[in-house]
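Engineer: I'd like to ask some things about the structure below.
In UniProt numbering, the protein residues as written are 1 to 122.
Following this line, the structure appears as structure tokens:
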């Protein structure tokens, strides 16, 4: 069975490494990007089964990445947005642009995030 490929786009190094190590340990093929611009480049280079993406990042934010993918007519993989923001408008905008879920980082632990990921990849 082929490993599912996950791209994590997150500008906070500690969070990025935590998610990367945890998901790699759970058997996923994990690639990382530290901002939206780098994330868009990686999306062009490889097909991902799921993308975990922060909302607030330098260069291109998460909503900008979603908008770019939508505007390009790209088939958008399952995207779970990660944020410290719980503003209703940000949630609505992310979902309208194609995100499948919106997770508040402080309200979910790695095991709970893993369960969400498995739900979307099944």
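In this text, a Cβ means the ideal position worked out from N, Cα and C, and glycines have one as well.
Give me the residue from 55, 2, 82 and 65 with the minimum Cα distance to residue 74.
Structural biologist: As a first step, residue 74 must be located in the chain shown, where it is residue number 74. For the residues 55, 2, 82 and 65, the minimum Cα distance to residue 74 belongs to 65.
Engineer: By alpha-carbon positions, which one of 34, 46, 94 and 100 ends up nearest to residue 13?
Structural biologist: Within the chain shown, the letter at position 13 stands for residue 13. Closest by alpha carbon: 34.
Engineer: On the three-state DSSP scale, how would you describe residue 197?
Structural biologist: As displayed, the chain neither begins before 1 nor continues past 122, which places residue 197 out of reach and without an answer.
Engineer: Is residue 23 buried or exposed, if buried means 16 or more other CB atoms sit within 10 Å of its CB?
Structural biologist: Counting from 1 along the chain shown, the entry for residue 23 is found at position 23. By the 10 Å Cβ count, residue 23 comes out buried.
Engineer: Which of the three DSSP states, helix, strand or coil, is assigned to residue 102?
Structural biologist: The residue labelled residue 102 in the question sits at position 102 within the chain shown. Strand.
Engineer: Is residue 83 buried or exposed, if buried means 16 or more other CB atoms sit within 10 Å of its CB?
Structural biologist: Mapped onto the chain shown, residue 83 falls at position 83. Buried: at least 16 other Cβ atoms inside 10 Å.
Engineer: Spell out the partners DSSP gives residue 33 in its beta bridges.
Structural biologist: Walking along the chain shown from the start, residue 33 turns up at place 33. Looking at the DSSP assignment, residue 33 forms a beta bridge with 9.
Engineer: Quick check on the burial criterion: 16 or more other C-beta atoms within 10 angstroms. Buried or exposed for residue 50?
Structural biologist: In the chain shown, residue 50 corresponds to position 50, counting from 1. Its Cβ being crowded by 16 or more others within 10 Å, residue 50 is buried.
Engineer: Answer yes or no: do residue 61 and residue 10 have a C-beta to C-beta separation smaller than 7 Å?
Structural biologist: Looking up residue 61 in the chain shown gives position 61. Looking up residue 10 in the chain shown gives position 10. Against a cut-off of 7 Å, the Cβ pair of residue 10 and residue 61 comes out as no contact.
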